[in-house]
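*Asks:* Numbering (the numbering used here), first residue to last: 3 to 481.
All C-beta atoms, glycine included, are put in the ideal place defined by N, C-alpha and C.
These numbers come from a predicted model, not from an experiment.
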Amino acid sequence: MNYDVAIIGAGISGAMIARELSCLNANVCVIEAEADVAAGATRANSGIVHAGYDALPGSMKARMNVRGNALMPIVVKELGVPYENCGSLVAAFDDEEDKSVDMLLQRGRENGVPVKKISGEEVRKREPNLSRQIKSALWAPTAGIVSPFELAIAAMENAAANGVQVYLSSRVTAIFRKNKGFIIQAGPNCIETRFVVNAAGVYADDISRMAGGEAFTITARRGEYVLFDRSQPVKVSSVIFGAPSEKGKGVLFSPTAHGNMIAGPTAQFTGKEDTDTTREGLSAVMNGVRRYVPSIDRRSAITVFAGLRAMGNRHDFIIEESKSAQGFVNVAGIESPGLTSAPAIAEYVTGMLVSMGVDGTKKTSATRIRKPIEVFAHATPERQRELIKTDPRYANVICRCEHVTEAEIVQSIHRPCGATTVDGVKMRTSAGFGRCHGGFCMPRVMDILSHELDKDLNDITKCGEGSWILANKTKEGAR
Ligand SMILES: Cc1cc2nc3c(=O)[nH]c(=O)nc-3n(C[C@H](O)[C@H](O)[C@H](O)COP(=O)(O)OP(=O)(O)OC[C@H]3O[C@@H](n4cnc5c(N)ncnc54)[C@H](O)[C@@H]3O)c2cc1C
Numbered sequence: 003m004n005y006d007v008a009i010i011g012a013g014i015s016g017a018m019i020a021r022e023l024s025c026l027n028a029n030v031c032v033i034e035a036e037a038d039v040a041a042g043a044t045r046a047n048s049g050i051v052h053a054g055y056d057a058l059p060g061s062m063k064a065r066m067n068v069r070g071n072a073l074m075p076i077v078v079k080e081l082g083v084p085y086e087n088c089g090s091l092v093a094a095f096d097d098e099e100d101k102s103v104d105m106l107l108q109r110g111r112e113n114g115v116p117v118k119k120i121s122g123e124e125v126r127k128r129e130p131n132l133s134r135q136i137k138s139a140l141w142a143p144t145a146g147i148v149s150p151f152e153l154a155i156a157a158m159e160n161a162a163a164n165g166v167q168v169y170l171s172s173r174v175t176a177i178f179r180k181n182k183g184f185i186i187q188a189g190p191n192c193i194e195t196r197f198v199v200n201a202a203g204v205y206a207d208d209i210s211r212m213a214g215g216e217a218f219t220i221t222a223r224r225g226e227y228v229l230f231d232r233s234q235p236v237k238v239s240s241v242i243f244g245a246p247s248e249k250g251k252g253v254l255f256s257p258t259a260h261g262n263m264i265a266g267p268t269a270q271f272t273g274k275e276d277t278d279t280t281r282e283g284l285s286a287v288m289n290g291v292r293r294y295v296p297s298i299d300r301r302s303a304i305t306v307f308a309g310l311r312a313m314g315n316r317h318d319f320i321i322e323e324s325k326s327a328q329g330f331v332n333v334a335g336i337e338s339p340g341l342t343s344a345p346a347i348a349e350y351v352t353g354m355l356v357s358m359g360v361d362g363t364k365k366t367s368a369t370r371i372r373k374p375i376e377v378f379a380h381a382t383p384e385r386q387r388e389l390i391k392t393d394p395r396y397a398n399v400i401c402r403c404e405h406v407t408e409a410e411i412v413q414s415i416h417r418p419c420g421a422t423t424v425d426g427v428k429m430r431t432s433a434g435f436g437r438c439h440g441g442f443c444m445p446r447v448m449d450i451l452s453h454e455l456d457k458d459l460n461d462i463t464k465c466g467e468g469s470w471i472l473a474n475k476t477k478e479g480a481r
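(1) Taking Leu91 as part of the beta strand (DSSP E), name the residues at either end of that continuous run.
(2) For the alpha helix (DSSP H) that contains Asn67, what are its first and last residues?
(3) Taking C-alpha atoms, which residue in His380, Val360, Asp97 lies nearest to Leu23?
(4) Which residue from Cys465, Asp456, Val399 puts its Cα closest to that of Val424?
(5) Helix or strand or just coil, what does DSSP make of Arg126?
(6) Specify, as a first and last residue, the run of the alpha helix (DSSP H) that Leu355 falls within.
(7) How about Gly343 and Met158: do their beta carbons lie closer than 8 Å?
(8) Is it the case that the CB of Ser90 approaches a heavy atom of ligand 1 more closely than 7 Å?
(9) Is there at least one non-hydrogen atom of ligand 2 closer than 7 Å to the beta-carbon of Pro345?
(10) Based on the DSSP secondary-structure assignment, which residues constitute the bridge partners of Val7?
(11) For Arg69, is the beta carbon positioned less than 7 Å from some heavy atom of ligand 1?
(12) Would you identify the three-state DSSP class for Gln135, choosing helix, strand or coil?
(13) Considering only residues of the same chain and omitting the five flanking positions on each side of Gly468, which have a CB-CB separation below 8 Å?
(14) Inspect the beta-carbon positions of Phe93 and Gly244 and report whether they are closer than 8 Å.
(15) Between which two residues does the beta strand (DSSP E) containing Phe184 stretch?
(16) Can you grab the Cα-Cα spacing for the pair Gly426 / Ala213, in whole Å?
(17) Give a single yes or no on whether Arg370 has its beta carbon closer than 7 Å to a heavy atom of ligand 1.
(18) Should Leu58 go down as buried or exposed, given a rule of 16 or more other Cβ atoms within 10 Å for buried?
(19) Are Val2 and Cys419 touching if we call contact CB-CB under 8 Å?
(20) Please find out if some non-hydrogen atom of ligand 1 comes closer than 7 Å to the beta-carbon of His260.
(21) Cβ of Pro150 versus every heavy atom of ligand 1: is any distance shorter than 7 Å?
(22) Does DSSP classify Tyr205 as helix, strand or coil?
(23) Hey, Glu408 and Arg417: beta-carbon distance below 8 Å or not?
(24) Among Glu80, Gly42, Ala142, which residue has its Cα nearest to the Cα of Cys88?
(25) What three-state label does DSSP hand Pro150 in the structure shown?
As structure tokens, this is what we get:
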């Protein structure tokens, strides 16, 4: 297997870079350790499209954030991904926090971001549910919210439809030099390539070392979240951040692109596989969010989860060709705002690769448009009737909380780079994202996966190897 570019990691960075390269006359592959796209930080984050006032002026983060924010509305439209330009507020409760708002205002202006300071009264006019103790806030109208894993899946679907080869369940364990290129050992695959892009998240330091590239370290910093039911009455319409103070940044409270409310994240250094939630972390999230919205009720929480930030020791995005391993490009230390920055990172890395020798001519057959799965629950009654006529499986509701039909689940399995696991179906259709969190629909989703993939039901997993759900048939083996 011979490629021009092999991208290691199918998070938002790898998926966006693959999509950008898929529009050129280059032979590209993506190599991912897990069974699906968006298995790392891309799956578990706040989903905020940051405006760009937070990053240090002149840093790579600031540059990518501001450009990524500008590109995001175009990209989500092309890919058909849920996004809303809802704006963000940084709320200050005292003089110290008010000074932080001034500092962010200044930084935002230096980064070229539209920002303004507003009074506590103006804050409550925008957000009537917010605390009366808020003194002032920074208002950033270009901030937004996006569904992070859907963005990565959509980008990878688009890339795959344009000819990019995606190797899933293929962990890279060794990289060798061969003439002017590389040989990558990834699970059962031995992949030969001229250029490598290292977008391996918290493991990007190990991948760089394997290729004889620069030494840098990536440390995992866990962020824990509480997700609230859609029916939860205490809502805000924009993203609410805490102002940085001696005690840290606090947690955010925000709508999600699917209409729930989310609170978090905490920030704690931990191991690279440690996505456990903790009693202390979740208490810190609830206490933090009560500062903004004192009446929020813990009983309306539907789930909790944690994600791992890839914190590089250079405290900025590391996006450069290795000096010691020519042809090897690091896209490392992509902590927040990496989701926002991804379209800009893809544009920048593609430019770099073309200047390094990748064919930069446009592929005439490539498209930047990806048609999303039509959401039955959002269709008009006339359209629903039409859909049922074309495919009776639209009349079979599998997920009762989110009203996801069998037809949508089947489509999610058969799209390019389609779902092969229960979580894969969930990320692509929302089946299992509702109040019961899959309690009702999971066995039915498993049945559909088993039927459509022609796999034994016992082999259907939650999210790949090691996450089996069934051991054997009831009473099988019983004497
Ligand atoms: C708690 C939290 C909150 C955040 N909030 C925001 C936010 O609101 N807005 C924002 O803009 N950003 C946010 N971010 C940052 C954003 O989520 C990340 O910057 C982004 O998801 C990083 O994407 P990535 O593709 O670089 O890494 P990842 O998504 O981690 O992807 C790396 C991929 O590489 C794969 N991989 C690793 N090792 C190997 C190997 N050996 N072989 C093959 N594959 C391998 C992994 O399985 C993984 O799929 C947040 C992050 C966290 C953790």
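*Replies:* According to the structure shown:
(1) What you label residue 91 is simply residue 89 of the sequence shown in a count that begins at 1. First-last of the beta strand (DSSP E) with Leu91: 90–94.
(2) If you number the sequence shown from 1, residue 67 lands on position 65. First-last of the alpha helix (DSSP H) with Asn67: 62–81.
(3) Working through the sequence shown from its first residue, we reach residue 23 at position 21. Ranking the options by Cα distance to Leu23, first place goes to Val360.
(4) Walking along the sequence shown from the start, residue 424 turns up at place 422. That would be Cys465, whose Cα lies nearest to the Cα of Val424.
(5) For the purposes of this step, residue 126 is identified with residue 124 of the sequence shown, where counting begins at 1. Note: Arg126 maps to helix in three-state DSSP.
(6) In the sequence shown, the residue the question calls residue 355 occupies position 353. Leu355 -> alpha helix (DSSP H) spans 340–358.
(7) Walking along the sequence shown from the start, residue 343 turns up at place 341. Walking along the sequence shown from the start, residue 158 turns up at place 156. Here residue 343 is Ser; the residue named in the question, Gly, does not match the sequence. Taking 8 Å as the Cβ cut-off, Ser343 and Met158 do not qualify as a contacting pair.
(8) Counting from one through the sequence shown, the residue named residue 90 turns up at place 88. Because no heavy atom of ligand 1 lies under 7 Å away, the Cβ of Ser90 does not count as near it: no.
(9) For the structure depicted, ligand 2 is absent and the ligand set comprises only ligand 1.
(10) Residue mapping note: residue 7 aligns to position 5 of the sequence shown, counting from 1. Partner(s): Val30, Phe197.
(11) As a position in the sequence shown, residue 69 is number 67, starting the count at 1. No, the beta carbon of Arg69 sits no closer than 7 Å to any heavy atom of ligand 1.
(12) What you label residue 135 is simply residue 133 of the sequence shown in a count that begins at 1. Reduced to three states, the DSSP call for Gln135 is coil.
(13) To locate residue 468, count along the sequence shown from 1; it is residue 466. The answer is none, since no qualifying residue turns up.
(14) By one-based count along the sequence shown, residue 93 stands at place 91. By one-based count along the sequence shown, residue 244 stands at place 242. It should be noted that the sequence gives Ala, not Phe, for residue 93. Going by C-beta atoms, Ala93 is nearer than 8 Å to Gly244.
(15) Taking the first residue of the sequence shown as position 1, residue 184 is located at position 182. Counting along the chain, the beta strand (DSSP E) containing Phe184 begins and ends at 183–188.
(16) Locating residue 426 in the sequence shown gives position 424, counting from the first residue. Locating residue 213 in the sequence shown gives position 211, counting from the first residue. In a straight line, the C-alpha of Gly426 is about 31 Å away from that of Ala213.
(17) Within the sequence shown, numbered from 1, the residue matching residue 370 stands at position 368. No - ligand 1 has no heavy atom lying nearer than 7 Å to the Cβ of Arg370.
(18) Translated into positions along the sequence shown, residue 58 becomes position 56. When all chains shown are included, Leu58 counts as exposed.
(19) Residue 2 is absent from the model: the chain starts at 3 and stops at 481.
(20) Numbered from its first residue, the sequence shown carries residue 260 at position 258. Result no, Cβ not under 7 Å from ligand 1.
(21) Here residue 150 is taken as the residue at index 148 of the sequence shown, counted from 1. Indeed, a heavy atom of ligand 1 lies less than 7 Å from the Cβ.
(22) Counted from its first residue, the sequence shown places residue 205 at position 203. Tyr205 falls in the helix class under three-state DSSP.
(23) In the sequence shown, counting from the first residue as 1, residue 408 sits at position 406. In the sequence shown, counting from the first residue as 1, residue 417 sits at position 415. No, these two residues do not count as a Cβ contact at 8 Å.
(24) In the sequence shown, counting from the first residue as 1, residue 88 sits at position 86. Selected option, being the one with the closest Cα: Ala142.
(25) As a working mapping, residue 150 is identified with position 148 in the sequence shown. Residue state, collapsed to three classes: helix.
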